[in-house]
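This report refers to the structure that appears directly beneath it.
Residue numbers (this note's numbering): 123 to 440.
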């Protein structure tokens with residue numbers, strides 16, 4: 123959803139420049155729990171991949187652990203820089219699957235400018251379009267890692283905004299009250315700040331907008347250095363820093379539901395992939411994602427271990 127490998131145009135560059143050449147076997151000592159019974163993937167050699175940010179590392183590990191429990195030998199090639207490289211790996215068959223986001227596929231890969239507001243219809247549209255690319259999307263998770271604006275509790279008590287419409291109204295009433303911290307990408311994307319301002323009739327003076335890295339945004343908003351900051355709705359720092367998230371009442375932001383994106387040839391060879399992943403995917407929602415992401419970004423735990431502990435705690439694996 124969030125980041126792309128810079129200046130990559132050719133598939134060869136995509137795969138080498140984004141780091142797919144590295145990888146190591148997953149060697150978790152797991153057995154089937156509520157998934158993988160009968161080891162329907164026994165004999166399969168499967169490669170999982172992901173982008174490089176925390177949530178993706180956790181989701182990639184979750185997929186790989188599920189495959190292990192079902193009997194597969196799994197190669198871990200998670201953590202590829204950017205969005206494009208990981209997708210190209212699955213598309214080319216260098217990897218068998220990853221968790222991808224519906225909004226990213228619809229807008230970034232498939233070239234659409236207008237999101238589909240209904241999450242299920244968005245997933246259906248993405249799935250239909252990507253079948254021609256040799257990719258099959260399995261059913262989506264409730265997890266929706268989309269954009270939002272958030273503020274700290276002191277700001278919330280003072281201004282009381284709960285929706286983006288109310289933020290726009292505040293900006294019109296008192297332009298100095300609305301200061302924004304955003305990523306440079308968000309500041310220029312059609313599904314970012316320019317589109318947001320247009321959709322809500324929001325006019326924030328350029329001097330009130332500061333661009334910075336994602337992690338810094340959270341700390342600056344928590345301190346009150348920025349009134350509102352661009353956040354991702356599944357980020358664990360929202361909960362740990364007790365930030366108030368503004369509701370997107372006009373449904374401007376695209377749906378970024380996570381769903382397994384599987385190489386179609388791999389799925390045809392190993393159709394049990396779908397039944398193994400489906401119960402796990404259904405359990406992934408924003409609350410779960412925030413908790414798991416916080417274990418990494420706040421508590422400093424290892425993403426793979428966080429994924430393994432969750433899979434065991436949920437009874438998916440033993």
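Using N, Cα and C, we set each Cβ at its ideal position, and we do this for glycine too.
Just so it is clear, the structure is predicted and the values come from calculations on it, not from any experiment.
Nearest by alpha-carbon distance to residue i: which of the options is it?
i, options, result
"residue 252", "280, 243, 220 and 213", "213"
"residue 171", "406, 383 and 423", "383"
"residue 193", "347, 158 and 217", "158"
"residue 227", "241, 219, 248 and 162", "248"
"residue 270", "373, 235, 296 and 326", "373"
"residue 356", "402, 257, 266 and 163", "266"
"residue 211", "388, 393 and 439", "388"
"residue 405", "264, 440 and 280", "264"
"residue 287", "322, 341 and 390", "322"
"residue 215", "191, 258 and 332", "258"
"residue 279", "225, 408, 260 and 365", "365"
"residue 368", "284, 241 and 250", "284"
"residue 407", "339, 381, 431 and 385", "381"
Could you check what DSSP says for residue i in three-state terms: helix, strand or coil?
i, result
"residue 171", "strand"
"residue 342", "helix"
"residue 196", "strand"
"residue 203", "coil"
"residue 189", "helix"
"residue 146", "strand"
"residue 299", "helix"
"residue 323", "coil"
"residue 316", "helix"
"residue 282", "coil"
"residue 289", "helix"
"residue 166", "coil"
"residue 153", "coil"
"residue 209", "helix"
Which residue marks the beginning of the alpha helix (DSSP H) containing residue i, and which one marks its end?
i, result
"residue 267", "Counting along the chain, residue 267 falls outside any alpha helix (DSSP H), and DSSP gives it neither H nor E."
"residue 358", "358-362"
Please work out which residues of its chain come closer than 7 angstroms, Cβ to Cβ, to residue i, disregarding the five sequence neighbours upstream and downstream, and give them in chain order.
i, result
"residue 425", "176, 179, 180, 183 and 418"
"residue 429", "180, 183, 184 and 187"
"residue 254", "none"
"residue 402", "157, 184, 188 and 438"
"residue 427", "none"
"residue 362", "416 and 420"
Skipping 5 residues on each side, what residues in its chain have a beta carbon closer than 8 angstroms to that of residue i?
i, result
"residue 147", "195, 196, 197 and 198"
"residue 327", "297"
"residue 163", "189, 192, 193, 194, 392, 394, 395 and 398"
Can you tell me where the beta strand (DSSP E) with residue i in it begins and where it stops?
i, result
"residue 302", "302-304"
"residue 331", "331-333"
"residue 351", "350-354"
Residues in the same chain with beta-carbon distance under 6 angstroms from residue i, minus the five sequence neighbours each way, listed in chain order, please.
i, result
"residue 277", "349"
"residue 268", "355, 375 and 378"
"residue 222", "383"
Check whether the Cβ of residue i sits closer than 7 angstroms to any heavy atom of the ligand FAD, and report yes or no.
i, result
"residue 233", "As far as ligands go, the structure on display features none, and thus does not contain the ligand FAD."
Could you pull out every unbroken beta strand (DSSP E) segment of at least 3 residues lying fully inside the stretch 214-277, listed in chain order?
-> The beta strand (DSSP E) runs of length 3 or more contained entirely in the stretch 214-277 are, from start to end of the chain, 219-223, 257-259 and 269-273.
Just list the alpha helix (DSSP H) runs in the stretch 378-436, keeping only unbroken ones of 4 residues or longer that don't cross its boundaries, in chain order.
-> Qualifying alpha helix (DSSP H) stretches, in chain order: 386-391, 394-405, 408-419 and 425-435.
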